[in-house]
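Trainee: This is the structure I want to talk about, given as structure tokens.
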Amino acid sequence: MVTRIVPLVLLLLLVAIHAQLWAGRGSVGNVQDLRQQIAAQQAANAQARLANERLAAEVNDLKGGLEMVEEKARGELGMVKQGEIYVQVVRPAQR
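Numbering (the UniProt record's numbering), first residue to last: 1 to 95.
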């Protein structure tokens with residue numbers, strides 16, 4: 001009787017380990033999903049890194065001279081120096 005119990009217990013352990021491999025945490029499907037999530041996060045990190053580098057370059061330009069500040073003020077705020085005349089050109093809509 002004991003000789004039949006040991007192989008049965010070993011077989012049950014093997015089945016449990018095999019079920020964990022295919023359906024549980026750390027399963028083949030779960031690992032594939034995690035790899036896809038990692039790839040998506042790495043892509044998002046790369047985009048954020050580029051945006052941060054652009055912003056850092058802009059900050060350095062703003063700290064470095066008044067030309068960048070003047071360009072920003074003229075482009076975004078419509079700044080005009082004393083003695084200048086502001087002319088707005090409206091283009092017709094393209095068809």
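Idealized CB from N, CA, C, for every residue including glycine.
Please read all numbers here as calculations on a predicted model, not as lab measurements.
Is residue 22 near residue 28, with beta carbons less than 9 Å apart?
Mentor: Your numbering for residue 22 matches position 22 in the sequence shown. Your numbering for residue 28 matches position 28 in the sequence shown. Result yes, Cβ atoms of residue 22 and residue 28 sit closer than 9 Å.
Trainee: Would you tell me roughly how many angstroms separate the C-alpha atoms of residue 24 and residue 50, rounded to the nearest one?
Mentor: For the purposes of this step, residue 24 is taken as the residue at position 24 of the sequence shown. For the purposes of this step, residue 50 is taken as the residue at position 50 of the sequence shown. Cα to Cα, the separation comes out at about 38 Å.
Trainee: Can you tell me whether residue 63 is helix, strand or coil according to DSSP?
Mentor: On the sequence shown, residue 63 is found 63 positions in, with the first residue counted as 1. Here residue 63 sits in helix by DSSP.
Trainee: What does the alpha-carbon distance come out to for the pair residue 55 and residue 65?
Mentor: To locate residue 55, count along the sequence shown from 1; it is residue 55. To locate residue 65, count along the sequence shown from 1; it is residue 65. Going by the C-alpha atoms only, they are around 16 Å apart.
Trainee: Does residue 94 come out as helix, strand or coil in the three-state DSSP assignment?
Mentor: Here residue 94 refers to the residue found at position 94 when the sequence shown is read from its first residue. In the structure shown, residue 94 sits in coil (DSSP, three-state: anything other than H, G, I, E or B).
Trainee: Straight-line CA distance for residue 5 to residue 18?
Mentor: Along the sequence shown, read from residue 1 onward, the residue named residue 5 stands at position 5. Along the sequence shown, read from residue 1 onward, the residue named residue 18 stands at position 18. Each residue's alpha carbon lies about 20 Å from the other.
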